[in-house]
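Counting in numbering that gives the first Met the number 0, the sequence shown runs from 0 upward without gaps.
For every residue, glycine included, the Cβ atom is placed at its ideal position computed from N, Cα and C.
In this text, all values refer to a predicted model and were calculated from it rather than measured experimentally.
Working notes, structure below.
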Amino acid sequence: MSDEKKRDYYEILGVSRNADIKEIKSAYRRLAFQYHPDRNPGDKEAEEKFKEASEAYEVLSDPQKRELYDRYGHEGLKGTGFHQYTDIDDIFSSFSDIFEDFFGFSTERGRRRYSRGADITRKLDITLREAATGVEKEVEIERQAVCTNCNGTGSKPGTHPQTCPVCHGRGQVSTRAGFMVISTTCSRCRGEGRIIVEKCDVCSGVGSVAQKRVLKVKIPPGVDTGMQLRLAGEGEVSLKGGRAGDLYLVINVVEDEGLVRDGED
């Protein structure tokens, strides 16, 4: 959808431009429940409204994105790592913790939230001169990598995790309530579906270890404080078989001796 045809995010959620985060969360909760795909199977209009509300919530619940939106509208969100959701499952993956908080349970779709690695956000300082001309920076990032001693299983080499006897490997215990299947996290295995009997000596059963990595990042000219650069796949790795998360670099322009910014110049 073009920016010209996009609806105002405040209008979508039905809140004022001065709404606080509690009002925004409450409005999104109401709309997410009303247009939830499990409540409206096969209803394309409800699905689009669900996506629209999620897009609005992503922006208005994030102080930096909200400030850009308030100042520049939809145009101001370009290049910030902002999602335009086309896939319902991507919404559940991004907002899995939100749905857990909102409703106290996750749907059958919600179990897919375990597949994607977490995003990483880091501040990146650049000088005013670098902001004006563009620059290539080396950025050192510490993130988790799969433990090579246990190959990510978390178990001591030669041993294997046991299937959880309570949830039988599902990670959740489900009960049906009308049109929805209510799934709560298994308290025995904490949602993992397995129990580690003997922990790996290197990663202590986590399945991952900290790893430092240096990335070369090209900063385009004209950036300003608060803008974000998104590096797809450079976030945390997934131990669940999914894709890695993304890395977001938040630009911070610092004073440069001999240079003074004049407005947008």
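Assigned secondary structure, residue i (DSSP; H/G/I helix, E/B strand, else coil)
i: S154; result: strand
i: V58; result: helix
i: L67; result: helix
i: K211; result: strand
i: I20; result: helix
i: T162; result: strand
i: E233; result: coil
i: T132; result: helix
i: I125; result: strand
i: R6; result: coil
i: I194; result: strand
i: R187; result: coil
i: E254; result: coil
i: S15; result: coil
i: R115; result: coil
Supposed contact pair residue j and residue i - C-beta distance, whole angstroms, cut 8 Å
i: G157; j: E191; result: Not really, about 20 Å apart at Cβ, beyond 8 Å.
i: K237; j: G116; result: According to the sequence as given, residue 237 is Ser; it is not Lys. Yes, they are in contact, since the Cβ atoms of S237 and G116 sit about 4 Å apart, within 8 Å.
i: T183; j: V172; result: 6 Å
i: V213; j: I250; result: Contact doesn't hold; Cβ gap of about 19 Å is too wide.
i: E139; j: K211; result: 6 Å
i: N148; j: V205; result: Wrong, their Cβ atoms sit about 11 Å apart, outside the cutoff.
i: L123; j: L248; result: 4 Å
i: G234; j: D118; result: 5 Å
Within-7 Å CB hit, residue i to chain C
i: A231; result: Going by chain labels, chain C is absent from the structure shown, which holds only one protein chain.
Check whether residue i and residue j have beta carbons under 7 Å apart
i: G153; j: P219; result: no
i: I23; j: L59; result: yes
i: A52; j: L30; result: yes
i: K215; j: E137; result: yes
i: S203; j: Q143; result: no
i: Y34; j: K48; result: yes
i: C188; j: I181; result: no
i: R16; j: Y9; result: yes
6 Å CB neighbourhood of residue i in its chain, flanking five on each side removed
i: G168; result: T162 and G192
i: R110; result: Any answer about R110 is weak, because its pLDDT of 44 lies below 50 and its placement is not dependable; what the coordinates show is given next. Closer than 6 Å at the Cβ level, and outside the excluded window around R110, lies no residue.
i: K5; result: H73
i: A209; result: E141
i: S226; result: Looking at the sequence shown, residue 226 is not Ser but Met. I250, listed in sequence order.
Any non-hydrogen atom of the ligand ADP within 6 Å of residue i CB
i: P160; result: In the structure shown, the ligand ADP is absent, as is every other ligand, since no ligand is present at all.
Close-in-space but distant-in-sequence residues of the same chain around residue i (CB under 7 Å, 5 per side omitted)
i: G13; result: A26
i: A231; result: D245
i: I11; result: E51, A52 and A55
i: I20; result: S60
Cut-off 8 Å between Cβ atoms - residues of its own chain near residue i, not counting five sequence neighbours on either side
i: K198; result: G153, S154, K155 and G204
i: R121; result: V138, I140, L246, Y247, L248 and V249
i: I125; result: V134, K136, I218, V222, I250, N251, V252 and V253
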